[in-house]
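Enquirer: If you read the sequences in order, they're chains A and B.
Sequential numbering of the first sequence, starting at 1, is according to the UniProt record's numbering.
Sequential numbering of the second sequence, starting at 1, is according to the UniProt record's numbering.
Positions of the beta carbon are idealized from the N, C-alpha and C atoms, including for glycine.
Keep in mind the model is a prediction, meaning the values are calculated, not measured.
Before I ask anything, let me first share the structure, which is written out below as structure tokens.
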Amino acid sequence: MLRYFLKRLLSLGLSLVVASVVIFLALEVVPGDPAAYMLGINAQPDTLAALRDELGLNGSVWARYLGWVGGMLTGDFGTSYTYRTPVAEMIGERLWISLPLALYALTLSTLIAFPAGIWAASKRGSVVDVAVMGVTQLGVAIPNFWFAMLMVLVFAINLRWFSAGGFVGWDAGFWLAMKSLTLPAVALALPQASILARVMRSSLLDTLSEDFIRTARAKGLTKRQALWRHALRNALIPVLTIIGLQFSFLLAGAIIIENVFFLPGLGRLVFQSISARDLIVVESVVMLLVLAVIVVNFAVDMAYAAVDPRLRGRR
Amino acid sequence: MIFNSFKTGVVSALALAASMGMAQAKSDIVVAMQLEPPHLDPTSAAAGAIDSVLYSNVFEGLTRFASDGAVIPGLAESWDISEDGKTYTFHLRNGVKFHDGTAMDAEDVKFSLDRARAEDSANAQKALFKGIEAVEVVDPATVKVTLSAPNGSFLFNMAWGDAVIVAPESIENIKTKPVGTGAFQFSNWVQGDKIDLTKNADYWGTPAKLDKVTFKFISDPTAAFAAVMAQDVDAFAGFPAPENLPQFEADPRFQVLVGSTEGETILAMNNKQPPFDNVKVREAVAHAIDRQAIIDGAMFGYGTPIGTHFAPHNPDYEDLTGLSGYDPELSKKLLAEAGFADGFKTTLKLPPPSYARRGGEIIAAQLRAVGIETEISNLEWAQWLEQAFRGKDFGLTIVSHTEPFDIGIYARPDYYFQYDNPTFQKLMDDLNATTDPAQRSAMLKQAQEIIAKDYVNGYLFELAYPTVANAKIRGLWKDAPTQAADMTAVYWDQ
Chain A
1 MLRYFLKRLL
11 SLGLSLVVAS
21 VVIFLALEVV
31 PGDPAAYMLG
41 INAQPDTLAA
51 LRDELGLNGS
61 VWARYLGWVG
71 GMLTGDFGTS
81 YTYRTPVAEM
91 IGERLWISLP
101 LALYALTLST
111 LIAFPAGIWA
121 ASKRGSVVDV
131 AVMGVTQLGV
141 AIPNFWFAML
151 MVLVFAINLR
161 WFSAGGFVGW
171 DAGFWLAMKS
181 LTLPAVALAL
191 PQASILARVM
201 RSSLLDTLSE
211 DFIRTARAKG
221 LTKRQALWRH
231 ALRNALIPVL
241 TIIGLQFSFL
251 LAGAIIIENV
261 FFLPGLGRLV
271 FQSISARDLI
281 VVESVVMLLV
291 LAVIVVNFAV
301 DMAYAAVDPR
311 LRGRR
Chain B
1 MIFNSFKTGV
11 VSALALAASM
21 GMAQAKSDIV
31 VAMQLEPPHL
41 DPTSAAAGAI
51 DSVLYSNVFE
61 GLTRFASDGA
71 VIPGLAESWD
81 ISEDGKTYTF
91 HLRNGVKFHD
101 GTAMDAEDVK
111 FSLDRARAED
121 SANAQKALFK
131 GIEAVEVVDP
141 ATVKVTLSAP
151 NGSFLFNMAW
161 GDAVIVAPES
171 IENIKTKPVG
181 TGAFQFSNWV
191 QGDKIDLTKN
201 ADYWGTPAKL
211 DKVTFKFISD
221 PTAAFAAVMA
231 QDVDAFAGFP
241 APENLPQFEA
251 DPRFQVLVGS
261 TEGETILAMN
271 NKQPPFDNVK
281 VREAVAHAID
291 RQAIIDGAMF
301 GYGTPIGTHF
311 APHNPDYEDL
321 TGLSGYDPEL
331 SKKLLAEAGF
341 ADGFKTTLKL
351 PPPSYARRGG
361 EIIAAQLRAV
371 GIETEISNLE
381 WAQWLEQAFR
391 GKDFGLTIVS
401 HTEPFDIGIY
411 ARPDYYFQYD
421 NPTFQKLMDD
431 LNATTDPAQR
441 SAMLKQAQEI
451 IAKDYVNGYL
461 FELAYPTVAN
471 AKIRGLWKDA
481 PTQAADMTAV
491 YWDQ
């Protein structure tokens, strides 16, 4: 187990190093100068030079790369070119929206997907199954931003139950804050719930056709008992994998939804920073998201190994 | 003791009565705009969003723009101009204080101007200060500015947001904590979301009518529409979706103000790159364009046709649209004369705003009709600045020049469209040296004619500035003579 753990840890470290090089170089070759963007079309050459100097854009590529990585290792993410505030502080503030939003969406998605998937699987071929499959097919197909706009139209503009967007802030109280995250969370959750419900259903169906279920049935358990006691737990492994992936996706992939609901989250920060060529912010946020994905995968790997002894031996 | 509590009771009863009486008059407002300022120092970035939030609200200059674009006294109450036009003596207002309580005096003016024109200055409009030779403090309320040559637009230059007066005491943190002299003071910024301003109780002039102004940033046009419709925001300055304006106009809850801007939207041609180095080709392009079709198709009818690089609301504007009327046949004839009977291929590089992206498609179709094939590429601003603007690697591009009174760019041969005409350059030099209004007016008209007759660029339209607001709000600026959302005179009608 320890060897397996160390091996995975080493691969985690290597992935991070490779990711940091790729991110840095990719943004190096993107055309566009942050100083020129800030100073606009009437800037004089000497002003541009002065600002480039101030931003530290004149050093060599490797010096800047090492400075960036070295800074991150000591917790210093640098200072944003445009906002001129510490990047770590900015990311921290945005995480207070993005993280709860991702968790909220994930909770909703799980709460919808589990019952739907289990129900469909237990009544395979029935009307319920067909209905769940149909609705989830639609859920996967509908783009979440379109669904978001539809919800805004109905719940914000016509019914006036929710505001059309924006975040009231946690100071306004937990419930008000959650309320302002509700529409975006639903919009994010819908496609995820659809995917998850389908995975849940097919994984459960696979397990239900395994030998040990037949044995359980032979022992005298009803179909229902066999499903809840034996099949469900075994069917959960692929579902948990998907949940892990979805969490990273929700954290990073809310860019469009954050724009539709004008939420000041991580996605919007990346979006704004890319167009302003605030490279240091883009680099740091992307790196953070990569870290999140890799750590989640690492945790999932560890969980597998803990559950399934076969994995430890093989690798 | 008893007396004291009695007094407190009366006072709170009075306060209660007062607050009940005032209940209908709202004293705060939420104004949305599309772009968030990158930081809050108007003197070191080109971002118009900084001025949109801070100009006149928080920061003021020696002179300022009124809502009609006229230059009026700001922190300088009056000024004397020497006989030779080279020395300006500004008399500052009494009792002006910065929001941190320190007094605004001649030292601050000197500091601000010297900072803007310094060697290592990061001022995006450094050219505004180029002619300044010396800034002297005569006494705390008087500043003498000496120019190297007379400059007829000096007072105009000093009204820009890039020329506002800042204090050395607060310059360190200006990017996150701006300290100015305006009727509102900066209170809070939730990055990515909003900026709060509160009323400055110590303001030297007419105090603001609102207690609090919140600027909210909504970049997505659909989200903007939803936010206004759901009345999450009270006003949207520079509403980004012109197609939705008729819907607001028809709704009694809202008012729609469509004002003019300083944004000349042009189809810029690379005057040094063949075939656009040939004036006949440029003329052919100009005649191939149907302005009204672009205004209707790309801007849903909002925009004023222009025939030269000048704002139509300016008193010196001359309507020269007739020089480049829509005439595809003439265009083909001119192309044939220039040796391009079979047309040619070129690039059309489009920055992100919808006037460029939507307008670009229409222009490409119109040019194709006369035989000019364009290869469209959509660029981000940063890419556009690097490729088209600095690299001058383009045939055609569409951009709106939003700086006020910027016909002077045609006197810069290194400017991206690379127009190099010594006669025009001489005219601009003479204009700068002239202070007589009548003479200036004649020269400006001449300048407009020269560039229109040289078909330097395809002149499309003046960008409109739509504001959608709650029908009860009064005192909003309709036009945008500079990028500003001046809230100092705004109030709620009961």
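(1) Just the chain A side, please: which residues come within less than 9 angstroms of F389 of chain B by C-beta, in chain order?
(2) Look at the Cβ atom of A208 of chain B, then the Cβ atom of F98 of chain B, and state whether they are nearer than 7 angstroms.
(3) Considering only C-alpha positions, which residue in the set A:V293, A:G165, A:S194 is nearest to D232 of chain B?
(4) Locate the beta strand (DSSP E) running through F90 of chain B, then write down its first and last residues.
(5) Please give the ranges of any beta strand (DSSP E) in the stretch 322-372 of chain B, keeping only runs that are unbroken, at least 3 residues long and fully inside the region.
(6) Take every Cβ of the stretch 54-73 of chain B, pair it with every Cβ of the stretch 472-485 of chain B, and state whether three or more of those distances are shorter than 8 angstroms.
(7) Name the chain B residues that come within less than 7 angstroms of Y83 of chain A, Cβ to Cβ?
(8) How is the alpha helix (DSSP H) around D53 of chain A delimited, first residue to last?
(9) Taking the CB atoms as reference points, tell me whether A286 of chain B and Y455 of chain B lie closer together than 7 angstroms.
(10) Do L210 of chain B and V31 of chain B have their beta-carbon atoms positioned less than 7 angstroms apart in this structure?
(11) Is the beta carbon of residue 503 of chain B sitting closer than 7 angstroms to the one on E462 of chain B?
(12) What number of angstroms, rounded off, separates the C-alpha of D171 of chain A from the C-alpha of Q418 of chain B?
(13) Have a look at V143 of chain B and Q366 of chain B and give me their C-alpha separation to the nearest angstrom.
(14) Any Cβ of chain B within less than 7 angstroms of the Cβ of P264 of chain A?
(15) I'd like to know whether the C-beta of G21 of chain B is nearer than 7 angstroms to at least one C-beta of chain A.
(16) Over the uninterrupted alpha helix (DSSP H) stretch that includes Q292 of chain B, give me the two end residues.
(17) So is D162 of chain B in contact with chain A if we call contact Cβ pairs under 7 angstroms?
(18) If I'm right that T43 of chain B touches R84 of chain A with Cβ under 8 angstroms, what's the distance once you round it to whole angstroms?
(19) Consult DSSP for Y304 of chain A and reduce its assignment to one of helix, strand or coil.
(20) Just the chain B side, please: which residues come within less than 8 angstroms of T47 of chain A by C-beta, in chain order?
(21) For the alpha helix (DSSP H) containing V199 of chain A, name the first residue and the last one.
(22) Which first and last residues belong to the beta strand (DSSP E) in which Q383 of chain B is found?
(23) Pull up the CB-CB distance for T488 of chain B and A183 of chain B, whole angstroms please, since I reckon it's below 8 angstroms.
(24) Is the distance from the Cβ of M200 of chain A to the Cβ of V140 of chain A below 7 angstroms?
(25) What's the C-alpha gap between N173 of chain B and L40 of chain B?
(26) May I have the straight-line CA-CA distance separating E380 of chain B from F271 of chain A, to the nearest angstrom?
(27) Can you list, in chain order, the residues of the stretch 191-218 of chain A whose Cβ is nearer than 7 angstroms to any Cβ on chain B?
(28) Which whole-angstrom value is the C-beta distance of P466 of chain B and V258 of chain B, which I expect to be below 8 angstroms?
(29) Considering only C-alpha positions, which residue in the set B:G360, B:R412, B:G303, B:S260 is nearest to residue 497 of chain B?
(30) Figure out for me which residue from B:V145, B:G297, B:K426 has the closest Cα to the Cα of R358 of chain B.
(31) Helix, strand or coil: how does DSSP classify K426 of chain B here?
(32) Tell me which residue opens and which closes the beta strand (DSSP E) that A237 of chain B is part of.
(33) For the beta strand (DSSP E) containing Y4 of chain A, list its first residue and its last residue.
(34) Let me see if you follow: with CB-CB separation under 7 angstroms, is G71 of chain A close to chain B or not?
(35) Could you name the residues of the same chain whose beta carbon sits closer than 8 angstroms to that of A185 of chain A, not counting the 5 residues immediately before and after it, in chain order?
(36) In angstroms with no decimal places, state the Cα-to-Cα distance between Y4 of chain A and D301 of chain A.
Expert: Looking at the atomic coordinates:
(1) Those are A36, I41, listed as they occur along chain A.
(2) No, they are not a contact pair.
(3) Of A:V293, A:G165, A:S194, the residue nearest in Cα terms is A:G165.
(4) Taken as a continuous stretch (DSSP letters only), the beta strand (DSSP E) holding F90 of chain B covers 87-92.
(5) Unbroken beta strand (DSSP E) runs of no fewer than 3 residues, entirely contained in the stretch 322-372 of chain B, are found at 344-350, following chain order.
(6) Counting Cβ pairs under 8 angstroms, three or more are found: they touch.
(7) Within 7 angstroms Cβ-Cβ: P38, H39, Q191.
(8) D53 of chain A -> alpha helix (DSSP H) spans 45-55.
(9) Result yes, Cβ atoms of A286 of chain B and Y455 of chain B sit closer than 7 angstroms.
(10) Going by C-beta atoms, V31 of chain B is not nearer than 7 angstroms to L210 of chain B.
(11) Coverage of chain B is limited to positions 1 through 494, which leaves residue 503 of chain B absent and any answer about it impossible.
(12) If you draw a straight line from the Cα of D171 of chain A to the Cα of Q418 of chain B, it comes to about 54 angstroms.
(13) The alpha-carbon atoms of V143 of chain B and Q366 of chain B are separated by roughly 55 angstroms.
(14) Nearest CB-CB separation between P264 of chain A and chain B: below the 7 angstroms threshold.
(15) For G21 of chain B, the predicted structure reports a pLDDT of 44, less than 50, and the residue's modelled location is therefore unreliable. A value from the coordinates is still provided. No, because no Cβ of chain A sits closer than 7 angstroms to the Cβ of G21 of chain B.
(16) Its alpha helix (DSSP H) spans residues 291-299.
(17) Not a single C-beta of chain A is nearer than 7 angstroms to the C-beta of D162 of chain B.
(18) Going by Cβ atoms, the distance from T43 of chain B to R84 of chain A rounds to 14 angstroms, so no, they are not a contact pair.
(19) DSSP places Y304 of chain A within a helical segment (H, G or I) once states are collapsed to three.
(20) What T47 of chain A touches in chain B: S121, A122, N123, A124, K126.
(21) Counting along the chain, the alpha helix (DSSP H) containing V199 of chain A begins and ends at 174-208.
(22) Looking at the DSSP string, Q383 of chain B is not in any beta strand (DSSP E); the run it does join, the alpha helix (DSSP H), is 381-384.
(23) Correct: roughly 4 angstroms between the Cβ atoms.
(24) Between M200 of chain A and V140 of chain A, the CB-CB gap reaches or exceeds 7 angstroms.
(25) A direct Cα-Cα distance of roughly 9 angstroms separates N173 of chain B from L40 of chain B.
(26) One C-alpha to the other measures close to 12 angstroms.
(27) Listed in chain order, the positions of the stretch 191-218 of chain A with a beta carbon within less than 7 angstroms of a beta carbon of chain B would be empty, since no residue qualifies.
(28) 5 angstroms between Cβ atoms; contact.
(29) The structure shown does not extend to residue 497 of chain B, since chain B is modelled only from 1 to 494, so the question has no answer here.
(30) Looking from the CA of R358 of chain B, the closest CA among B:V145, B:G297, B:K426 belongs to B:G297.
(31) Helix, per DSSP.
(32) Unbroken beta strand (DSSP E) run through A237 of chain B: 235-237.
(33) Per DSSP, Y4 of chain A belongs to no beta strand (DSSP E); it is in the alpha helix (DSSP H), 2-29.
(34) No, because no Cβ of chain B sits closer than 7 angstroms to the Cβ of G71 of chain A.
(35) By the criterion of a C-beta distance shorter than 8 angstroms, A185 of chain A is surrounded in its chain by L101, Y104, A105, L108, once the five residues flanking it on both sides are discounted.
(36) Distance from the CA of Y4 of chain A to the CA of D301 of chain A, rounded to the nearest whole angstrom, comes to 10 angstroms.
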